[in-house]
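Please read the structure below before turning to the comments.
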Amino acid sequence: MPMTGRCRELNCHAMVIRPLHYCTKHADKEAAYQASRERWTNRNDNTKR
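This is the structure:
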């Protein structure tokens, strides 16, 4: 059984199969979300998070 979740778009309750975060209707936002997460994980400063 695949791992599922809900679309991250506000008021969208469509199911998605992980590792995706957006449904097929909002798939255009997936790349921007992944890029923002990459920037966050690749931070190398010592500021509080």
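Residue numbers 1 to 49, in the UniProt record's numbering, belong to the letters of the sequence shown in order. Here a beta-carbon is modelled for each residue, glycine too, at the ideal position from N, C-alpha and C.
Looking at C-alpha atoms only, which residue of the options is the closest neighbour of residue i?
i   : options      : result
R8  : A31, H21, M1 : H21
N11 : M1, R18, H26 : H26
Classify residue i: buried if its beta carbon has 16 or more other beta carbons within 10 angstroms, exposed otherwise.
i   : result
C23 : buried
Can you list, in chain order, the residues of its chain whose CB lies under 8 angstroms from that of residue i, leaving out five sequence neighbours each side?
i   : result
E30 : L20, H21, Y22
For residue i, collect the residues of the same chain with a Cβ closer than 7 angstroms to its Cβ; drop the 5 residues on either side in sequence, then sort them by chain order.
i  : result
G5 : V16, R18
Could you tell me which residues DSSP puts in a beta bridge with residue i?
i   : result
R39 : Answer by DSSP bridge pairing: none, since R39 is not bridged.
By Cβ distance below 6 angstroms, which residues in the same chain neighbour residue i in space, the five residues on each side in sequence not counted?
i  : result
P2 : I17
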